[in-house]
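Undergrad:
Chains as they are written, first to last, in UniProt numbering: chain B, 1 to 617; chain V, 1 to 378.
(1) Keeping to the same chain, check which residues put their C-beta closer than 8 Å to that of residue 350 (chain V); ignore five residues upstream and five downstream.
(2) Going by C-alpha to C-alpha distance, which of B:461, B:218, B:463, B:203 sits closest to residue 618 (chain B)?
(3) On the DSSP bridge assignment, give the partners of residue 395 (chain B) in chain order.
(4) Any C-beta of chain B sitting closer than 8 Å to the C-beta of residue 246 (chain V)?
(5) Taking 8 Å as the cut-off, decide whether the C-beta atoms of residue 130 (chain V) and residue 188 (chain V) are in contact.
(6) Does the CB of residue 429 (chain B) have a neighbour CB from chain V at under 8 Å?
(7) Quick check: the segment 246–260 of chain V against the segment 209–223 of chain V, are at least 3 beta-carbon pairs closer than 8 Å?
(8) Is residue 185 (chain V) closer than 8 Å to residue 135 (chain V) when the C-beta atoms are compared?
(9) Under 8 Å between C-beta atoms, does residue 12 (chain B) make it to chain V?
(10) Taking a Cβ distance cut-off of 7 Å, strictly less, list which residues of the segment 247–278 of chain V are near chain B, in chain order.
(11) Is the segment 357–375 of chain B in contact with the segment 495–508 of chain B, if contact means three or more CB pairs nearer than 8 Å?
(12) Could you tell me which whole beta strand (DSSP E) segments of length 3 or greater appear in the segment 6–89 of chain B?
(13) From B:378, B:596, B:244, B:234, pick the residue whose C-alpha is nearest to that of residue 349 (chain B); which is it?
(14) Flag this pair as touching only if the segment 146–160 of chain V and the segment 324–344 of chain V have three or more C-beta atom pairs under 8 Å; answer yes or no.
(15) Measuring CB to CB, does residue 654 (chain B) end up less than 8 Å from residue 483 (chain B)?
(16) So what's residue 221 (chain B) in DSSP terms, helix, strand or just coil?
(17) Grab me the residues of residue 137 (chain V)'s own chain with a C-beta within less than 7 Å of its C-beta, minus the 5 sequence neighbours each way, in chain order.
(18) Since residue 15 (chain B) meets chain V, which of its residues come closer than 7 Å, beta carbon to beta carbon?
(19) Strictly below 8 Å CB to CB, what residues from chain B border residue 243 (chain V)?
(20) Please confirm whether residue 130 (chain B) and residue 90 (chain B) have their CB atoms less than 8 Å apart.
(21) Below 8 Å on the Cβ atoms is my guess for residue 183 (chain V) versus residue 323 (chain V); work out the distance and round it to an integer in Å.
(22) Going along chain B in order, which residues have a C-beta closer than 8 Å to the C-beta of residue 337 (chain V)?
(23) Using 8 Å as the Cβ pair cut-off and three pairs as the minimum, do the segment 198–214 of chain B and the segment 237–245 of chain B touch?
(24) Which residue from B:526, B:177, B:98, B:192 puts its Cα closest to that of residue 153 (chain B)?
(25) Let's test the definition: count the other Cβ atoms within 10 Å of the Cβ of residue 359 (chain V) and tell me whether it reaches 16, buried, or not, exposed.
(26) Our contact map puts residue 538 (chain B) next to residue 606 (chain B) with C-beta atoms below 8 Å; I'd like the distance itself, whole angstroms only.
(27) Using the C-alpha atoms, what's the distance from residue 601 (chain B) back to residue 623 (chain B)?
(28) Quick one: is residue 20 (chain B) near chain V, going by C-beta distance under 8 Å?
(29) Along the segment 315–333 of chain V, what residues have a CB closer than 7 Å to any CB found in chain B?
(30) In angstroms, rounded to a whole number, what distance separates the CA positions of residue 577 (chain B) and residue 252 (chain B)?
(31) List the endpoints of the continuous beta strand (DSSP E) containing residue 539 (chain B).
(32) Any beta carbon of chain B sitting closer than 8 Å to that of residue 58 (chain V)?
(33) Considering only residues of the same chain and omitting the five flanking positions on each side of residue 73 (chain B), which have a CB-CB separation below 7 Å?
(34) For residue 85 (chain B) and residue 179 (chain B), which I take to be in contact (beta-carbon distance under 8 Å), what is that distance rounded to the nearest angstrom?
(35) How many Å lie between residue 455 (chain B) and residue 118 (chain B) at the Cα?
(36) Just to confirm my understanding: we take residue 216 (chain B), look at its own chain, exclude 5 residues before and 5 after, and list those with CB closer than 7 Å. What are they?
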């Protein structure tokens, strides 16, 4: 107690009083600081936090519009929306993501690619939003999930409407397809209107009429809790569904063309020469567009990509082929118009043609079959009926490439037809200018000769050939080909056609010659016309795939299948009042009159028979 | 008028009698009233904050009853006995802290709990009371103000348990323990050169501490405080949501049970550390003012008890218990409103709690003992 004795109690009490005074000062000032802070939050900044709190509580949720349906001209459904069940995860409600994913993988078929894509999507979403993991759950998968729901926190199964193409491969190239919006598209699309939309037209009609088909997004203002669960809906603006559209395509014609092609690589385009409406647009092989809607699997995609038949390639509008003899009617018309020939002009055909002062022989196709050409006196009608090459070698040479180019261009060669779909290619209509621009080379006279029979640098798509055929049928009416015929049941207005002018007599000469191709004694496609109860006109074409050396023999059997000629055919019917114009390409099919003409005939039969049934009934 | 006249003698008689009653029962009625009002207010807020779960409220009520009993019991114990028992209690506390580290129960990656015969409690909570008492015990036996070696001895007394708690790891509690000891030193008249020197040293060592001592999550908390917007959905979420709750409450609040931030689960930890945000959202600044007024009255009462205490030990204990209580209030309300880092300090007698409630009220029991056990001054 010695220390105690020395302690000065009153001095220590004084020290304590002084310190208590300081403490009191500190307490009061710090409590005042708190008060200022709470005053500033609750009074000064009250409005800001009020808004913040409302924004927390109230969420504007997008209501995606229903995508418009697509019908064929008869009202048959080509593209619809079906409920599809999606497995999603709400990250915030999933305490152990890895374990949950592992559980799900044990239960359902979830691939590594699914997980990878899920992880990518996860990065772009807020933690209370559902992130899709697997699409198209079937019924047994759904019940699996329902039974195990309690061990799968944060797992939700949602029904969404997803595009479905009931006709599958039949319309794959005509319609195109939708797919999930990717990052590049996300940047391009209207951010507001596509909030809540997962799919967008990727190609074809689906892409071309995206705006029409998509519709207008709706909104609902909802009160949610922090987990994002909707507690009540405060207000709602309904979405405007996308327009249902009707196409001029005919499912019967489409099927006929598809089946007539019979698994070969090829394309058929059929147009209505009186409207420009596309009646059929087929490219084979097709593929199941439904595979692409929710992201195609790598396995399926590489199968399609690596197939030598190129099923993803839309031959009808992207395939650029030498048109071969199918262009002869147009060149003939050009000869008549330029006054280089008349219907009576006759030339001698020894089976080959040589340019003045040159020895190179441009051979007629008959040289493979027999010698001697088409005779000593071949006129234009015969030249088209029997497809005499020498007549057109001579005509093209005398016309020259510039006049040939200028006359042919209005028929739609070398330019996009403007059809309402995507990825169309232009083909090539060569000229001196073109060759200088593309190859920086001068034009050679021999090249004109080759172009004269639709070979050489000349390339056209089946669609371009169909457009040209339609003009031959209608004596020069040029329509922009169009698949869309009505929106929401209301027919769309057609663009007025442009008129290509030629003398009526000249048209008659050429059309009669095309008539003879089917109905003439020596018509190259007379076999294909047998048994028809209507009159048709057409022209065959055969396009060389591999260049044949000067004096080499050509034997189709010895050639590898993929090196065989492409068979082409153009036709229209009925002859007097055409209702359909068709272009057919069969890759490596051999001669156009043997392989392509029957396909054109089948398509015309189907169309005119159906037409008769309609008018008759 | 007649009433007034009639009441006067009664009132004065009451005033004359009350010190005797409170001294006889060893109960500080002012403190008891204030603490009771605060606890009841706390229960009302807690009911709303827990999402209207009666279970949470009942559990809290049970601990409060336990705490009030502990308070009344603590008030009965003789002050000299406290002084004699303090070193023993301190040693037992240290042993328990070591046991927590060796054999404690896990809670969110930190070991804070100790089970004794089926009873779980946090020894670190008890140290909040024992540390200032032992520093006071040590200093009150010296001539004050303390000399240099006294200061170091005092620092040792508070440093060892604080270090053990850091190991759990529970930085918030460790800081509070250290602070409660420092307050005893401060109240004893610690020289200003020590205080200023310590402040200078703290600032100088802050950088290495930042680099080597703090856990990632603790650093994250400080960074988040400085810029909560940087990580809206992660670390900054708590502060943004609590500020939104407080701010949207305005002057009069959204009404009891009507706080959207708390009722729709935007506010995390709403019934524990962040409960002041619920109060501020539902009762507005008015409610905050009432709460602060109650706290201020309790603090003033505590300081008053210290001033009237008769020996150094009592003075230092009363002063540091009161100051520690204040630190709770300031740190909690400061962190929830975004002034201070989130360190996990509850709002005393309002936040849901267990051991902390009991020790807090037991501390007030010691204050009551100081307030009511008066000897004749020699």
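Don't be surprised by glycine CBs; every beta carbon is placed ideally from N, CA and C.
TA: With the structure as the only source:
(1) For this step, residue 350 (chain V) is matched to residue 350 along the second chain. Shown here for residue 350 (chain V): same chain residues with a beta carbon closer than 8 Å to its own, the five before and five after excluded, namely 38, 41, 42, 45, 46, 275, 276, 279, 291 in chain order.
(2) Past the edges of chain B, shown from 1 to 617, lies residue 618 (chain B), and the structure says nothing about it.
(3) Position 395 of the first chain, counted from the start, is the residue given in the question as residue 395 (chain B). Bridge partners of residue 395 (chain B): none, in fact.
(4) For the purposes of this step, residue 246 (chain V) is taken as the residue at position 246 of the second chain. By this cut-off, residue 246 (chain V) is an interface position.
(5) In the second chain, residue 130 (chain V) corresponds to position 130, counting from 1. In the second chain, residue 188 (chain V) corresponds to position 188, counting from 1. Contact: no.
(6) Translated into positions along the first chain, residue 429 (chain B) becomes position 429. It does not; no Cβ of chain V falls within 8 Å.
(7) In this structure the segment 209–223 of chain V does not lie against the segment 246–260 of chain V, because fewer than three pairs of beta carbons, one per stretch, are closer than 8 Å.
(8) Here residue 135 (chain V) refers to the residue found at position 135 of the second chain. Here residue 185 (chain V) refers to the residue found at position 185 of the second chain. Yes, these two residues count as a Cβ contact at 8 Å.
(9) Locating residue 12 (chain B) in the first chain gives position 12, where the first residue counts as 1. Yes, residue 12 (chain B) counts as interfacial toward chain V.
(10) 247, 248, 249, 250, 251, 260, 261, 264, 265, 266
(11) no
(12) 58–63
(13) Within the first chain, the letter at position 349 stands for residue 349 (chain B). It is B:378 whose Cα lies nearest to the Cα of residue 349 (chain B).
(14) Not touching, per the Cβ criterion.
(15) Because residue 654 (chain B) is not part of the residues shown, which for chain B are 1 to 617, the question remains open.
(16) The sequence position of residue 221 (chain B) within the first chain is 221, counting from 1. DSSP places residue 221 (chain B) in strand when its eight states are reduced to three.
(17) As a first step, residue 137 (chain V) must be located in the second chain, where it is residue number 137. These residues qualify, in order along the chain: 83, 86, 87, 313.
(18) The residue you call residue 15 (chain B) lines up with position 15 of the first chain. Per Cβ cutoff of 7 Å: 144, 145, 189.
(19) Taking the first residue of the second chain as 1, we reach residue 243 (chain V) at position 243. Within chain B, the residues near residue 243 (chain V) are 41, 49.
(20) The residue given as residue 130 (chain B) occupies position 130 in the first chain. The residue given as residue 90 (chain B) occupies position 90 in the first chain. In contact: residue 130 (chain B) and residue 90 (chain B) (Cβ atoms closer than 8 Å).
(21) By one-based count along the second chain, residue 183 (chain V) stands at place 183. By one-based count along the second chain, residue 323 (chain V) stands at place 323. Right, the Cβ-Cβ distance comes to about 4 Å (below 8 Å), so this counts as a contact.
(22) Position 337 of the second chain, counting from 1, holds the residue named residue 337 (chain V). By Cβ distance, chain B contributes 34, 37, 38, 41.
(23) Contact between the segment 198–214 of chain B and the segment 237–245 of chain B is established, with three or more Cβ pairs separated by less than 8 Å.
(24) Against the first chain, residue 153 (chain B) aligns to sequence position 153. With distances taken between Cα atoms, residue 153 (chain B) lies closest to B:98.
(25) Start at 1 with the first residue of the second chain, and residue 359 (chain V) comes out as number 359. Buried is the call here.
(26) Looking up residue 538 (chain B) in the first chain gives position 538. Looking up residue 606 (chain B) in the first chain gives position 606. With a Cβ gap of about 16 Å, residue 538 (chain B) and residue 606 (chain B) do not count as contacting.
(27) Residue 623 (chain B) lies beyond the range of chain B shown here (1 to 617); nothing can be said about it.
(28) What you label residue 20 (chain B) is simply residue 20 of the first chain in a count that begins at 1. Cβ-Cβ to chain V under 8 Å: yes for residue 20 (chain B).
(29) For the segment 315–333 of chain V, which is checked against every Cβ of chain B, the residues closer than 7 Å are 315, 319, 323, 326, 330, 333.
(30) Here residue 577 (chain B) refers to the residue found at position 577 of the first chain. Here residue 252 (chain B) refers to the residue found at position 252 of the first chain. Distance between the alpha carbons of residue 577 (chain B) and residue 252 (chain B): 22 Å.
(31) Residue numbering aside, residue 539 (chain B) sits at position 539 when the first chain is read from its first letter. Segment 537–543, the beta strand (DSSP E) holding residue 539 (chain B).
(32) Reading the second chain from its first residue, position 58 is the one you call residue 58 (chain V). So, not an interface residue.
(33) Translated into the one-based positions of the first chain, residue 73 (chain B) becomes position 73. Answer for residue 73 (chain B): 246, 247, 248, 249, 250, 485, listed in chain order.
(34) Along the first chain, one-based indexing puts residue 85 (chain B) at 85. Along the first chain, one-based indexing puts residue 179 (chain B) at 179. Going by Cβ atoms, the distance from residue 85 (chain B) to residue 179 (chain B) rounds to 19 Å, so no, they are not a contact pair.
(35) Start at 1 with the first residue of the first chain, and residue 455 (chain B) comes out as number 455. Start at 1 with the first residue of the first chain, and residue 118 (chain B) comes out as number 118. Taking the straight line from one Cα to the other gives about 52 Å.
(36) Within the first chain, the letter at position 216 stands for residue 216 (chain B). So the qualifying residues of the chain are 65, 193, 239, 240.
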